[in-house]
């Protein structure tokens with residue numbers, strides 16, 4: 001009998017706690033989720049939102065990706081806490097470094113994916129994580145990047161130039177009502193990357209509350225295009241339930257639609 005896939009639904013998969021080790025000597029905690037009974041066809045390396053305002057490896061879009069996409073789309077999902085970030089999985093060593101020391105965190109995640117021989121590696125950054133992808137993710141091992149709610153707050157024109165010169169796919173999913181960068185301006189800013197695709201998402205906001213399924217569909221459309229989207233909303237098989245109340249005390253930080261302090265303001269802030 002078909003069962004509806006809900007926010008707490010965990011579909012079958014092989015999930016293991018992992019540790020990443022950075023070049024500057026830190027241990028980062030994470031998880032790798034794989035299809036239950038077959039190898040993945042592609043890999044998502046997830047870079048989470050700003051940790052000083054609730055971002056972590058369990059931020060809801062990434063949690064749902066790890067719980068659903070191994071089963072629904074044959075994807076591996078690697079998510080981790082950047083330096084100084086905490087979640088139920090634990091706390092990564094170090095301290096938040098304003099997108100400077102985090103370069104080593106991105107490198108460690110890519111290195112882990114390579115060492116594990118994970119296929120077709122894509123970065124998926126969200127908010128602060130998009131800046132990390134733009135600044136540090138244009139690596140020979142990376143097939144492309146998908147940016148969720150890119151604010152372009154920590155990244156610079158030279159980072160866009162690096163991606164432009166690489167020719168690697170760059171997809172920006174931009175909410176209609178984003179707090180930092182909305183679709184029209186995003187198209188202007190990303191025009192510096194000829195291969196960039198900017199997708200405006202009607203009605204959506206920066207944190208994608210209520211729109212996670214749309215995000216997952218767009219990710220799968222690019223990373224494993226043989227899978228039909230929209231993805232199923234029901235499941236005919238075993239299903240577990242995760243604890244989605246684990247972050248009740250962080251609701252304001254994680255879901256308030258309020259711009260947060262950052263570097264010197266730009267037009268996109």
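Residue numbers (full-length UniProt numbering): 1 to 269. Beta carbons are placed, not taken as given, at the ideal position from N, Cα and C, and that holds for glycine.
For residue i, the nearest candidate out of the options (CA to CA)
i           : options            : result
residue 208 : 177, 196, 236, 191 : 177
residue 181 : 148, 61, 234, 239  : 148
residue 96  : 106, 83, 108       : 83
Range of the contiguous beta strand (DSSP E) that encloses residue i
i           : result
residue 147 : 142-148
residue 237 : Taken as a continuous stretch (DSSP letters only), residue 237 belongs to no beta strand (DSSP E), as it is neither H nor E.
Enclosing alpha helix (DSSP H) for residue i [first to last residue]
i           : result
residue 103 : 102-115
residue 133 : 128-136
residue 170 : Looking at the DSSP string, residue 170 is not in any alpha helix (DSSP H); the run it does join, the beta strand (DSSP E), is 170-175.
residue 161 : 157-166
Simplified DSSP assignment, three categories, for residue i
i           : result
residue 82  : coil
residue 17  : strand
residue 31  : strand
residue 121 : strand
residue 247 : coil
residue 3   : strand
residue 23  : coil
Beta carbon proximity, residue i to chain D, threshold 7 Å
i          : result
residue 23 : Among the chains of the structure shown, chain D does not appear; only one protein chain is present.
Quiz item: Taking contact to mean at least 3 C-beta pairs separated by less than 8 Å, is the segment 61-71 in contact with the segment 12-25?
Solution: yes
Quiz item: Which runs of the alpha helix (DSSP H) fall wholly inside the segment 177-215 and span at least 4 residues, in chain order?
Solution: Listed in chain order, they are 183-189.
Quiz item: In the segment 35-102, which residue ranges form an unbroken alpha helix (DSSP H) of at least 4 residues, counting only runs that do not cross its ends?
Solution: Counting whole runs of 4 or more residues, the segment 35-102 contains the alpha helix (DSSP H) stretches 60-73.
Self-check item: Segment contact, 8 Å Cβ cut-off, at least three pairs: the segment 129-143 with the segment 44-55
Solution: yes
Quiz prompt | Contact the segment 166-173 vs the segment 141-158: 3+ CB pairs below 8 Å | solution = yes
Practice problem: Kindly confirm or deny that the segment 223-241 and the segment 182-189 touch, where touching means at least three C-beta pairs closer than 8 Å. | Solution: no
Quiz prompt | contact_flag[the segment 113-122, the segment 86-103] where n(CB pairs < 8 Å) is 3 or more | solution = Taking one beta carbon from each stretch, the segment 113-122 and the segment 86-103 have fewer than 3 pairs nearer than 8 Å; the two do not touch.
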